[in-house]
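Keeping their order, the protein sequence lines are chains V and D.
My numbering puts the first residue of the first sequence at 248, with every later residue one more than the last.
My numbering puts the first residue of the second sequence at 5, with every later residue one more than the last.
Cβ coordinates follow ideal geometry from the N, Cα and C atoms, glycine included.
I have placed the structure first, in the form of structure tokens, so that the comments after it can refer back to it.
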Amino acid sequence: MTLLTDAKIITTGNSSKAGTLYSIVPDSGLADLDITRATTATRIDSAGLIESVAINEPQLDYSLESCPSLLIEPERTNLYIYSNDYTTNQTGTNVVVTANAATSPDGTANATKFEVSSGGYRLTWGTFFSVSSANNGFYTCSFYAKNINATEMKVGIFDGSTFANIVTPFSYISQVNTSTWTRVSFAFQVASGTTLVGVEVVGTGSLGDFLLFGHQIEAGEWPQETSYIPTTSGSVTRNKTYFSKTGISSLTNNAEGVLYLEFAFLNVINGDQQIMSIGENSGASVNIGRWGNGYLGTATMGSTNLTFQLNFLAPIPDLLFHKQAIKYKSGDTAIWWGGVEYVTSTTTATPANPLDKISSTYNGLTNFWGFEGRIKSIVYYDTILTDAQLLALTT
Amino acid sequence: MNIYKLQYDNKAQADADFLDKGVTQNIEVEGQQYLSNSSATQAVVDLGKIVKTKGTYSPDGHVITPPVFFDGVFYDIMTTEHIDFGTHALTPTNCVHGFAGYSIDANGDNVEPQQ
């Protein structure tokens with residue numbers, strides 16, 4: 248008996264088709280996850296290239312490591328029309344623009360070369376991008392850049408009505424190099440009443456030759472870039488991803504067990520709840536994820552929370568992968584994180600319902616408090632593990 | 005999949021209509037009331053105001069004529085349910101927004117993704 252052979256469910260970001268992420272255990276398909284995202288999306292593939300994925304196809308993403316993870320992103324809209332066309336709706340001076348000049352991050356020859364001489368700049372013009380003060384006016388601008396021989400590379404954001412700088416052109420040349428593509432990203436906030444913004448794609452002060460690809464401006468309650476959303480004549484929305492699977496009660500035990508997750512958050516901004524769960528009501532459920540600016544772990548039996556831990560602030564959330572487990576049993580419940588037992592509970596309770604569903608939302612509630620992040624693995628045991636096993640599992 | 009392109013006088017009117025038509029719903033979680041998308045709702049995209057006539061600008065960045073906006077605010081909804089939005093529903097062409105994998109003008113019931 249080992250941690251591997253004892254597990255009733257093991258799901259990793261390795262094998263999939265449109266609508267399904269296959270679980271390694273069980274091999275019957277009973278715990279294969281149903282993936283819902285009613286739009287296409289993109290991911291970074293094993294070669295490090297941007298690749299489109301089909302509707303409902305899991306984004307098995309290699310952007311952080313050679314080991315893939317299931318990328319679960321929020322709904323986002325790329326407002327930057329003609330996201331990889333630097334000749335339409337742009338103007339400037341002292342910049343020679345050559346489309347399709349080099350291989351881009353998607354592996355095709357569609358990167359654009361900019362040759363900037365003294366006094367050069369280039370900006371989106373005529374058609375600006377509609378913005379609002381929703382989400383507190385937070386936006387993120389991102390793009391891919393690669394230096395050739397430039398001595399300065401700058402980017403800025405301006406108000407599309409008044410032309411006042413929202414982000415004064417700033418240098419990002421220290422972030423990029425001549426051998427690989429780098430995704431440059433920065434957040435900005437628009438004031439109430441701002442309706443249009445433009446991008447100074449080649450910021451005043453830039454000098455020399457460099458390559459750009461794939462601009463994106465996205466609104467969000469937390470400012471950080473998400474996977475690239477290509478656009479042409481209009482803005483484009485990639486829907487939020489969810490996963491779920493019902494009918495798993497034969498694999499689970501509502502009286503005791505362990506739910507384990509190896510995951511990374513997409514942001515560390517104080518925000519809303521982002522949770523995955525086994526169970527779908529307050530009668531019996533186990534949850535892992537994020538609560539505001541901290542980690543979350545809960546286990547409920549009947550109407551009693553065996554543990555309901557919010558904001559365990561040490562460790563402080565970051566963007567790295569971490570391992571967290573909840574051991575649940577009446578009178579013996581604990582949350583383990585990174586090899587440390589952070590929370591224990593001796594509360595007793597009797598489960599009222601089977602654990603019949605696994606989902607990327609809190610208590611299985613559709614469209615509510617959905618998990619957002621990267622998941623390397625989900626593992627479930629139908630009996631509690633020893634402290635030594637939990638230490639090994641979460642270290 | 006159903007995609008609807010909608011126009012409202014303002015956000016408050018849109019929010020009320022979405023709740024009335026089941027695009028959103030009030031749910032109680034941990035004793036608190038929350039507004040959430042319904043299970044059929046795949047996306048609610050707030051497009052804000054849409055430019056009707058582009059502004060014109062001098063090369064040195066001065067506005068010659070400011071942009072003119074359509075009246076009201078606009079939303080694109082994706083849902084698995086048929087919803088009659090009445091006079092709020094539009095049938096525009098050359099749209100300013102679309103969903104990834106669908107034609108930018110995809111609109112109405114049972115729209116198919118692009119191949």
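(message) Can you pull out the residues from the region 448-479 of chain V whose beta carbon lies closer than 7 Å to at least one beta carbon of chain D?
(response) 476
(request) Go to residue 454/V, then tell me how far its beta strand (DSSP E) extends in each direction, as first and last residue. (result) Position 207 of the first sequence holds residue 454/V. Residue 454/V -> no beta strand (DSSP E), and no H or E assigned at all.
(request) Taking all protein chains shown into account, decide if residue 426/V is buried (16 or more other Cβ within 10 angstroms of its Cβ) or exposed. (result) Here residue 426/V refers to the residue found at position 179 of the first sequence. By the neighbour-count rule (16 or more Cβ atoms within 10 Å), residue 426/V is not buried but exposed.
(message) Let me confirm a value: residue 494/V is counted as buried when at least 16 other C-beta atoms fall within 10 Å, else exposed. Which label applies?
(response) Against the first sequence, residue 494/V aligns to sequence position 247. When all chains shown are included, residue 494/V counts as exposed.
(message) Tell me the DSSP secondary structure of residue 422/V in three-state form.
(response) Counting from 1 along the first sequence, the entry for residue 422/V is found at position 175. DSSP places residue 422/V in helix when its eight states are reduced to three.
(message) Quick check on residue 428/V - is its C-beta less than 9 Å from some C-beta in chain D?
(response) By 1-based counting over the first sequence, the position of residue 428/V is 181. For residue 428/V, the answer is no, since every Cβ of chain D falls outside 9 Å of its Cβ.
(request) Determine the closest residue to residue 565/V out of 516/V, 552/V, 606/V and 545/V, with distance taken between C-alpha atoms. (result) As a position in the first sequence, residue 565/V is number 318, starting the count at 1. Out of 516/V, 552/V, 606/V and 545/V, 516/V has the C-alpha closest to the C-alpha of residue 565/V.
(request) Apply the 10 Å Cβ neighbour rule to residue 52/D and answer buried if 16 or more other Cβ atoms are within range, or exposed otherwise. (result) Looking up residue 52/D in the second sequence gives position 48. Label assigned to residue 52/D: buried.
(message) Strictly by DSSP, which residues pair up with residue 516/V?
(response) Against the first sequence, residue 516/V aligns to sequence position 269. According to DSSP, which records beta bridges pairwise, residue 516/V is partnered with nothing at all.
(request) Give the residues of chain D in contact with residue 612/V, contact being defined as C-beta atoms less than 8 Å apart. (result) On the first sequence, residue 612/V is found 365 positions in, with the first residue counted as 1. What residue 612/V touches in chain D: 31, 33 and 40.
(request) Give the C-beta separation of residue 521/V and residue 619/V to the nearest angstrom, bearing in mind that I take them to be a contact with Cβ-Cβ under 8 Å. (result) Here residue 521/V refers to the residue found at position 274 of the first sequence. Here residue 619/V refers to the residue found at position 372 of the first sequence. Their Cβ separation, rounded to whole angstroms, is 5 Å, which keeps residue 521/V and residue 619/V in contact under 8 Å.
(request) Rank 50/D, 119/D and 34/D by C-alpha distance to the C-alpha of residue 322/V and give the top, closest one. (result) Your numbering for residue 322/V matches position 75 in the first sequence. Residue 50/D is the option with its Cα nearest to residue 322/V.
(message) Going by DSSP, what residue range makes up the alpha helix (DSSP H) through residue 640/V?
(response) Here residue 640/V is taken as the residue at index 393 of the first sequence, counted from 1. Counting along the chain, the alpha helix (DSSP H) containing residue 640/V begins and ends at 634-641.
(request) Excluding the 5 residues preceding and the 5 following residue 38/D in the sequence, name in chain order all residues of the same chain whose CB lies nearer than 8 Å to its CB. (result) In the second sequence, counting from the first residue as 1, residue 38/D sits at position 34. Cβ within range, chain order: 30, 31 and 32.
(message) Between residue 46/D and chain V, is any beta-carbon pair separated by less than 9 Å?
(response) Indexing the second sequence from 1 puts residue 46/D at position 42. Chain V, which has a Cβ nearer than 9 Å to the Cβ of residue 46/D, makes this yes.
(message) Could you tell me which whole beta strand (DSSP E) segments of length 3 or greater appear in the region 251-302 of chain V?
(response) 256-264, 267-272, 280-283, 288-291 and 297-300
(request) At 9 Å on the CB atoms, spell out the chain D contacts of residue 486/V, in chain order. (result) For the purposes of this step, residue 486/V is taken as the residue at position 239 of the first sequence. The contacting residues are 46, 47, 82, 103 and 104.
(message) Looking at the secondary structure, which residues open and close the beta strand (DSSP E) in which residue 443/V lies?
(response) Working through the first sequence from its first residue, we reach residue 443/V at position 196. Unbroken beta strand (DSSP E) run through residue 443/V: 443-447.
(request) Output yes if chain V places a C-beta closer than 9 Å to the C-beta of residue 68/D; else output no. (result) The count along the second sequence starts at 1 and reaches residue 68/D at position 64. No, residue 68/D does not count as interfacial toward chain V.
(message) If distances are taken between C-alpha atoms only, which option among 616/V, 608/V and 259/V comes closest to residue 316/V?
(response) Within the first sequence, numbered from 1, the residue matching residue 316/V stands at position 69. With distances taken between Cα atoms, residue 316/V lies closest to 259/V.
(message) If you reduce the DSSP assignment to three classes, tell me which class residue 336/V lands in.
(response) Start at 1 with the first residue of the first sequence, and residue 336/V comes out as number 89. In the structure shown, residue 336/V sits in coil (DSSP, three-state: anything other than H, G, I, E or B).
(request) Could you tell me the distance, in whole angstroms, from the CA atom of residue 395/V to the CA atom of residue 356/V? (result) Position 148 of the first sequence holds residue 395/V. Position 109 of the first sequence holds residue 356/V. Computed Cα separation, rounded: 16 Å.
(request) Could you run through the region 374-408 of chain V and flag, in chain order, every residue whose CB is less than 9 Å away from some CB of chain D? (result) 374, 375, 377, 378, 379, 381, 405, 407 and 408
(message) Please state whether the Cβ-Cβ distance between residue 442/V and residue 408/V is less than 9 Å.
(response) Translated into positions along the first sequence, residue 442/V becomes position 195. Translated into positions along the first sequence, residue 408/V becomes position 161. Yes.
(message) So that I know if they touch, is there some Cβ in chain V lying closer than 9 Å to that of residue 22/D?
(response) As a first step, residue 22/D is located in the second sequence; it is residue number 18 there, counting from the start. Chain V contact via Cβ: absent.
(request) Mind checking who residue 60/D pairs with in its DSSP beta bridge? (result) Here residue 60/D refers to the residue found at position 56 of the second sequence. Residue 60/D pairs with 69/D.
(request) Using DSSP bridges, identify the partner residues of residue 344/V. (result) Numbered from 1 along the first sequence, position 97 holds the residue referred to as residue 344/V. For residue 344/V, which the question treats as bridged, DSSP gives the partners 361/V.
(request) Pick out whichever of 368/V, 479/V and 303/V has its Cα sitting closest to the Cα of residue 99/D. (result) Translated into the one-based positions of the second sequence, residue 99/D becomes position 95. Per the Cα distances, 479/V.
(message) Could you check whether residue 465/V and residue 430/V sit closer than 9 Å to each other, using their CB atoms as the reference points?
(response) Here residue 430/V refers to the residue found at position 183 of the first sequence. Here residue 465/V refers to the residue found at position 218 of the first sequence. For residue 430/V and residue 465/V, no; Cβs fall outside 9 Å.
(request) Give a yes or no on whether the C-beta atoms belonging to residue 690/V and residue 525/V are separated by under 9 Å. (result) The question about residue 690/V has no answer, for chain V in this structure spans 248 to 642.
(request) Would you identify the three-state DSSP class for residue 620/V, choosing helix, strand or coil? (result) In the first sequence, residue 620/V corresponds to position 373, counting from 1. Reduced to three states, the DSSP call for residue 620/V is strand.
(message) Tell me which residues share the same chain as residue 398/V and place their Cβ nearer than 6 Å to its Cβ, disregarding the 5 neighbours each side in the sequence.
(response) Here residue 398/V refers to the residue found at position 151 when the first sequence is read from its first residue. 454 and 455, listed in sequence order.
(request) Would you check if the region 286-298 of chain V and the region 259-270 of chain V touch, i.e. whether three or more CB-CB distances between them fall below 8 Å? (result) no
(request) Report the option in 541/V, 551/V and 640/V whose CA atom is closest to the CA atom of residue 508/V. (result) Walking along the first sequence from the start, residue 508/V turns up at place 261. Cα-wise, what sits closest to residue 508/V is 640/V.
(message) Tell me the DSSP secondary structure of residue 406/V in three-state form.
(response) For the purposes of this step, residue 406/V is taken as residue 159 along the first sequence, with counting starting at 1. Strand at residue 406/V.
(message) Could you check whether residue 382/V and residue 476/V sit closer than 9 Å to each other, using their CB atoms as the reference points?
(response) As a first step, residue 476/V is located in the first sequence; it is residue number 229 there, counting from the start. As a first step, residue 382/V is located in the first sequence; it is residue number 135 there, counting from the start. In this structure, residue 382/V does not lie closer than 9 Å to residue 476/V by Cβ.
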